[in-house]
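> Starting off with a structure, shown below.
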Amino acid sequence: MVNRAWLGATALAVAFVKAQSTCEVVESQTGISMLMPLTIDYSNEQSEYWSTSCGGLKPTCILAPSTADEVAAIVSVLRNNNETFAIKSGGHNPNNWFASVNDGPLISTKNLNEVIFDPATETVRVGPGNRWDDVAAELDGTGYTVVGGRIGNVGVGGYLLGGGLSFMSTQYGWGANSILEYTLVLANASIITVSESSHPDIYMALKGGGNNFGIVTSYLLQAYPQGDVWGGNLVYDATPENTAALLEAVRVFTENYPDDKAGIIMTAERTLATLADIWVIFLYYNGPEPPSGVFEGFTAVPHSIDTTKTQSMNSLLSANNWAVIKGSVYTIGTESMPLPTGADAPEVMQSIYDHWVNVSDTVKFVPGLVASIAFQPLPKQIARLAKEKGGDMLDLDDDINRIVIELDYSFWFDSDYAKIDTTMRDTYEGFQSLVKGYQQSGSLPSDVYLPLFQNDCFYPQDYFGRLRPEKLALAKKVQADVDPNGLWRDRTGGFKIPA
Ligand SMILES: Cc1cc2nc3c(=O)[nH]c(=O)nc-3n(C[C@H](O)[C@H](O)[C@H](O)COP(=O)(O)OP(=O)(O)OC[C@H]3O[C@@H](n4cnc5c(N)ncnc54)[C@H](O)[C@@H]3O)c2cc1C
2 MVNRAWLGAT
12 ALAVAFVKAQ
22 STCEVVESQT
32 GISMLMPLTI
42 DYSNEQSEYW
52 STSCGGLKPT
62 CILAPSTADE
72 VAAIVSVLRN
82 NNETFAIKSG
92 GHNPNNWFAS
102 VNDGPLISTK
112 NLNEVIFDPA
122 TETVRVGPGN
132 RWDDVAAELD
142 GTGYTVVGGR
152 IGNVGVGGYL
162 LGGGLSFMST
172 QYGWGANSIL
182 EYTLVLANAS
192 IITVSESSHP
202 DIYMALKGGG
212 NNFGIVTSYL
222 LQAYPQGDVW
232 GGNLVYDATP
242 ENTAALLEAV
252 RVFTENYPDD
262 KAGIIMTAER
272 TLATLADIWV
282 IFLYYNGPEP
292 PSGVFEGFTA
302 VPHSIDTTKT
312 QSMNSLLSAN
322 NWAVIKGSVY
332 TIGTESMPLP
342 TGADAPEVMQ
352 SIYDHWVNVS
362 DTVKFVPGLV
372 ASIAFQPLPK
382 QIARLAKEKG
392 GDMLDLDDDI
402 NRIVIELDYS
412 FWFDSDYAKI
422 DTTMRDTYEG
432 FQSLVKGYQQ
442 SGSLPSDVYL
452 PLFQNDCFYP
462 QDYFGRLRPE
472 KLALAKKVQA
482 DVDPNGLWRD
492 RTGGFKIPA
């Protein structure tokens, strides 16, 4: 028989638990800034995602703390309930639930937006609520820069926790290699300073460990002297001749890396409805003009648009924002490959490109479909610099040059997500098979470490599983120390550490 008194007590307890939802507690007990559904501010914040699919999720409220203490106050409420929540910086990660949430609080870092340059120590304190163009604008005219995003609109918070590939990575390593200190709110709601000397294991785990260890409320970054830079875009028709020439150019550039001050992203884009296939190359040189010959492989190929010029870093990062086209659902994925160097290297590069063309053709009638692939050089010097600066979770060896392939499929309607999900997997799994095949045939070096680059991973990709076993073990140890009850592990999205 059901005990009426017990039922009454349970109802009370349920009501009590409900009353403890984070949004309600924060609203009634704190002065923390909070945005509610059906307000303009809430809608504006929800439009600050790269993918409309993330913006379509509906958080119960959006909390916008301005200090580490306010973040800690939110965490102390969260740890006493069982709500799903999300932490958002720039909102550029297109994987649903990573920085977006339905029916739970969203913690937006937008008010954690300090940028404080200290010329005496050559450091910059940067809040995770900034985008890289905010940081560049603040540093404009100081003669200094930090190692950050190549497109200004990308958020600081997620970029640095995923490692951060920069135009300056061949001079200074990954973005994460230039982080001197983190201010971190832990799952127990305490606030700690993390550096090489203070919590060194957490310091290492944060360099490519994502959102598994806490909420970062500020980064102290090493600043580097910076004058005018040179850069912009070259745009080409993707004719078979141009494609072959550019694939060879990026391969040779990665192998011989002509100048550490040079950086490129080489992307091909297909707008399949209009059958427009183009190549767009982002070029960068840390100086007013590149020495002649540095980008010759790319400039020698006939192109229709050239926007390269001498400009400030601030101007370059803002100009590159043209690439952030909103209004579509986005997916991102990646694979890593050793750089082909043998006689059949052109064939290997072409087969990667052809596989992408063939798979993307299968979804050409998906409304609004745009497919892109980027060939991103990862030469040995990035690995060398990363090690010299104390290392990181990716822990690359400098035995070989690599290429990080990045893929995007964008489309108009969420209803096509499942189809594109399969297409994305087919694309990167196909790359992996091609690479393995070429390794078996001797066209690519075998027995090489090929981790995934977290910032470009699709949600099912096994980022942690592809790390070296000792780095995975470190991540597990730090997680056990700082998140024993699984606040970050079980209740918010992101790349999770396998049990
Ligand atoms: C147009 C474009 C260009 C890009 N260019 C580059 C590039 O040049 N180099 C590169 O490395 N990557 C690049 N990326 C990838 C980008 O770095 C990742 O998508 C990154 O996650 C974006 O960071 P964000 O802060 O904008 O993301 P968000 O979507 O806000 O966050 C991403 C993840 O980080 C977590 N997170 C964010 N802030 C915090 C915090 N303060 N504490 C704890 N967890 C936090 C979130 O919970 C989420 O899981 C690019 C992406 C796009 C769309």
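The opening residue of the sequence shown carries number 2 in the working numbering; numbering runs sequentially from there. Where a beta carbon is used, it is the ideal one built from N, C-alpha and C, also for glycine.
If you measure between the beta carbons of GLY105 and PRO60, is that distance less than 8 angstroms?
yes
> In this structure, does DSSP put ASP229 in helix, strand or coil?
Coil.
> At the level of alpha carbons, what is the spacing between ILE266 and ILE374?
10 angstroms
> Would you list the residues sitting across from ILE306 in a DSSP beta bridge?
VAL236
> With 16 other CB atoms within 10 Å as the buried threshold, where does LYS89 fall?
buried
> Are the CB atoms of VAL116 and GLU139 nearer to each other than 8 angstroms?
yes
> If you scan the region 316 to 393 from start to end, which runs of the alpha helix (DSSP H) of 4 or more residues do you find wholly inside it?
346 to 362, 381 to 389
> Compute the distance between the beta-carbons of LEU222 and VAL147, then report whether it is under 8 angstroms.
yes
> Considering only residues of the region 162 to 188, which uninterrupted alpha helix (DSSP H) runs meet the minimum length of 4 residues and lie entirely inside it, listed in chain order?
170 to 173
> List the DSSP bridge partners of TYR285.
GLY232, GLY264
> Beta-carbon separation of ASN287 and ILE152 under 8 angstroms?
no
> Do three or more CB pairs link the region 324 to 340 to the region 237 to 244 at distances below 8 angstroms?
At 8 angstroms Cβ cutoff, the stretches do not touch.
> According to DSSP, is GLY438 part of a helix, a strand, or is it coil?
DSSP places GLY438 in helix when its eight states are reduced to three.
> With three or more C-beta pairs closer than 8 angstroms as the rule, is the region 240 to 255 touching the region 282 to 301?
Taking a cut-off of 8 angstroms for Cβ pairs, the region 282 to 301 and the region 240 to 255 touch, as three or more such pairs fall below it.
> Sorry if obvious, but does the Cβ on HIS356 come closer than 7 angstroms to a heavy atom of ligand 1?
With a threshold of 7 angstroms, the Cβ atom of HIS356 does not count as near ligand 1, since no heavy atom of the ligand is closer than that.
> Which stretch, first to last residue, makes up the beta strand (DSSP E) that contains PHE118?
116 to 119
> Helix, strand or coil: how does DSSP classify GLY466 here?
helix
> What's the C-alpha gap between ILE41 and ASP482?
Their Cα atoms are separated by approximately 41 angstroms.
> Roughly how many angstroms separate the alpha carbons of ARG5 and VAL26, rounded to a whole number?
Unreliable positioning characterises ARG5 in this predicted model, as indicated by a pLDDT of 38, which lies under 50. A coordinate reading is not provided.
> Please determine if the region 195 to 209 and the region 489 to 497 are in contact, where contact requires at least 3 C-beta pairs separated by less than 8 angstroms.
no
> For VAL76, which residues in the same chain have their Cβ closer than 6 angstroms to its Cβ, ignoring the five residues on either side in sequence?
VAL186, ALA190
> In angstroms, rounded to a whole number, what distance separates the CA positions of SER29 and VAL127?
Those two C-alpha atoms are separated by around 30 angstroms.
> Is the number of C-beta pairs between the region 396 to 404 and the region 455 to 463 that are closer than 8 angstroms three or more?
no
> Just to confirm, does SER198 get its C-beta within under 7 angstroms of one of the non-hydrogen atoms of ligand 1?
no
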